[in-house]
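Written below as structure tokens is the structure these notes are about.
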Amino acid sequence: MRIVITRTGGFAGIERRAELDTTGRPDATHLEALAHRALAPGRESPTRGVPDGFHYEITVDNRKVHLADPHLTEDQRELIRTVLREGA
Numbered sequence: 092m093r094i095v096i097t098r099t100g101g102f103a104g105i106e107r108r109a110e111l112d113t114t115g116r117p118d119a120t121h122l123e124a125l126a127h128r129a130l131a132p133g134r135e136s137p138t139r140g141v142p143d144g145f146h147y148e149i150t151v152d153n154r155k156v157h158l159a160d161p162h163l164t165e166d167q168r169e170l171i172r173t174v175l176r177e178g179a
């Protein structure tokens, strides 16, 4: 499974993008389950957040959702942190 996170907004307005492929990873099952749960409450169009907050676009395979701080679930936060930290 290919997971792509694009983060925009924030105080500096700098975009950050990371991609993670779960193939062959020892935590693949956990990441894939996390991705499915993270996508469930997302929206297909950009959402409003708070001033200077981050906006996220999560793409899993060909499904894309938009999220914004502070309206993230714990699953979404964990997925975003993992992909931005470990992805390329």
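Note that my numbering has the sequence shown beginning at 92, numbered continuously upward. Beta carbons are placed, not taken as given, at the ideal position from N, Cα and C, and that holds for glycine.
Inclusion of Leu170 and Ala119 in the CB contact set at 8 Å is not warranted, their separation being larger than that value. Cα atoms of Asp143 and Pro117: separation of roughly 36 Å, rounded to the nearest angstrom. If you look at Ile171, you'll find it in the alpha helix (DSSP H) that goes Glu165 to Glu177. Ranked by Cα distance from Glu106, the options Thr97, Leu125 and Asp112 are led by Thr97.
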